[in-house]
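Below is one structure; the comments refer to it alone.
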Amino acid sequence: MWHILGAGSLGTLWATRLARAGVPVQLILRDQQRLFSYQQAGGLTLIENGQAQRYAIAAHTADHAQPIQRLLLACKAYDAAAAVAQLAPRLTRGADIVLLQNGLGSQDEVARAAPLARCIFASSTEGAFRQADFEVVFAGRGHTWLGDPLDLQPPAWLADLRAAGIAHEWSLDILNRLWRKLALNCAINPLTVLHDCRNGGLSEHPVQVASLSGELVELLQRCGHSAAAANLHDEVMRVILATAANYSSMHQDVSQGRRTEIAYLLGYACNAAQRQHLQLPHINALHDQLQAHLDARGLPRH
Ligand code: NAP
C-alpha cells in the first residue's frame, strides 16, 4: 500500500498513475474539510494530452489509525517535517518515506521527525500544475531519480513505478543530483522574479548569471560536490535557452501570491556558504533582494 500525503500537483500525478496500474493507494488529506471537498469532487482528475480521467482513490486524514509502511511525501518543502511528525505514530518500524521536495534542507528535517524510517530522496523533472482543486494537468514529461545516501540498495517497490509507467532511475549519487538542481534553480529562478521575466529574459543579464554561476561552483566544490559543479555555467545557459518561454516555478509562486520555497533553495545555499566560511557576495545580495521583494508583497521571506 502506498500512502500519499498531499493531493496537489505531484501527489496527484503519482497517485493516479499508481492507481491506474492497480497498485493500492491511499491519500492522506489535510483535514476533514479537505476530505469533504475531495469526496464532493468524486476523486482525483488527471489531465493528460488534453484528456481528463477521474480516479476515485480512497482518502483519509492524518488521524486515521491505519499503519503506514510506504509514504510518498508530496507536499511543499516547508510543510514536509510537520506533516511527517503528525504521521510518526503511524509509521511502521523501517517504513520508507519517499521525499519529492525540491531543494535541500527539508530532507534532514524529515529524517529528524521520523528517525526510524528510511528516507528516499527524489529529484524530478516531471511537470504538473493544479487547474482546479483535485484536478491536475500533466504538463511536462520528465524523469525522476531516487536514491538513499545511507543505503545504496534499491527498494523492491521500484517495480510499482515501472508498472505505473513513472520514468525513473535509482541513483547512487542522489545528493549530487539535488545539489546540481539547487544550483540551477539558484542561478535562474530568483533573477526571473527580480527582473519579472520568463527564463529566456535572463539572456539579457549574462554578467549577473555568470557571477552567480561562478559563486555556486565555489559553493558546490567547498561542500564536497565537485561533480555537481562541472560545467554549471554552460548548463545554466542551456536551460535558459531551452526553457526560454517558461516562467520559473518561483516566478509563478510570487505572481500568484503563493509562498515560495526560498528557504530550501537560495536560503539553503546562503546558510551552507556561511557554515563553510565562504564569502559569496552576489548570492548573499540576491538573497537579500529576493527577501525584500517578498516582504514588499506580503509573502513569507522563508
Ligand atoms: P502543491 O501542488 O502545492 O501540492 C502540495 C500539497 O500538499 C497540497 O495539496 C497541500 O494540501 C498538501 N499538504 C501540505 N501539508 C499537508 C498536510 N499536513 N497534510 C496533508 N496534505 C498536505 O505542490 P507540488 O507542486 O505538488 O510540489 C510538491 C513538491 O514537489 C515541491 O517541493 C515542489 O517544488 C516539487 N516539485 C514540483 C513539481 C511540479 O511540477 N509541480 C516538479 C518538480 C518538483 P492543500 O491542497 O490542502 O493545501
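Quick note, our numbering runs 33 ahead of the 1-based positions in the sequence shown. Backbone N, C-alpha and C fix where the C-beta goes; we use that ideal spot for every residue, glycine too. Computed from a prediction, not measured in an experiment: that's the story for all the values here.
Where residue i falls: helix, strand or coil (DSSP)
i: F154; result: strand
i: A36; result: As written in the sequence, residue 36 is His, which differs from the Ala given in the question. Here H36 sits in strand by DSSP.
i: G198; result: coil
i: G160; result: strand
i: G173; result: strand
i: Q307; result: helix
i: D184; result: coil
i: Q72; result: helix
i: N232; result: helix
i: R291; result: coil
i: L298; result: coil
i: L282; result: Here the sequence assigns Ser to residue 282, which means Leu is not the residue at that position. Here S282 sits in helix by DSSP.
i: A113; result: helix
i: A189; result: coil
According to DSSP, residues forming a beta bridge with residue i
i: E168; result: T78, A165
i: I273; result: DSSP output for I273 lists no bridge partner at all.
i: V131; result: L105, I153
i: Q86; result: L79
i: W203; result: L179
i: L124; result: I101
Own chain, CB closer than 7 Å to residue i, minus 5 neighbours either side, in chain order
i: A74; result: D166, F167
i: P182; result: I207, L208
i: A278; result: R231, G233
i: R50; result: A197, G198, I199
i: P100; result: R123, T125
i: E81; result: F171
i: H119; result: Checking the sequence, you will find Gln at residue 119 rather than His. If we look at Q119 and ignore the five residues flanking it on each side, its Cβ neighbours are A95.
Status (buried if at least 16 other CB within 10 Å, exposed otherwise) for residue i
i: G83; result: exposed
i: F154; result: buried
i: M34; result: exposed
i: H176; result: exposed
i: Q72; result: exposed
i: A220; result: buried
i: A302; result: buried
i: R213; result: buried
i: A110; result: buried
i: D229; result: exposed
i: N264; result: exposed
i: R163; result: exposed
i: P57; result: exposed
i: S236; result: exposed
i: A98; result: exposed
i: A261; result: buried
Where the beta strand (DSSP E) containing residue i begins and where it ends
i: T94; result: 91 to 94
First and last residue of the uninterrupted alpha helix (DSSP H) at residue i
i: T49; result: 42 to 53
i: Q59; result: Not the alpha helix (DSSP H): Q59 falls in the beta strand (DSSP E), residues 58 to 62.
i: W212; result: 207 to 227
i: S244; result: 239 to 255
i: D328; result: 314 to 329
i: D141; result: 139 to 146
i: H335; result: Run containing H335: none; DSSP gives neither H nor E here.
i: A262; result: 259 to 262
Cβ-based neighbour list, residue i, same chain, cut-off 6 Å, excluding 5 preceding and 5 following
i: A150; result: L124, A128, I130
i: V117; result: V143, A146, A147
i: L313; result: E248, A306
i: D286; result: T293
i: H258; result: N209, W212
i: H315; result: S244, L245, E248
i: H335; result: A296
Nonlocal neighbours in the same chain, by C-beta distance under 8 Å from residue i, ignoring five residues either side
i: A54; result: D193, A196, A197, G198
i: L132; result: L106, A113, S139, Q140, V143, C152, I153, F154, A155
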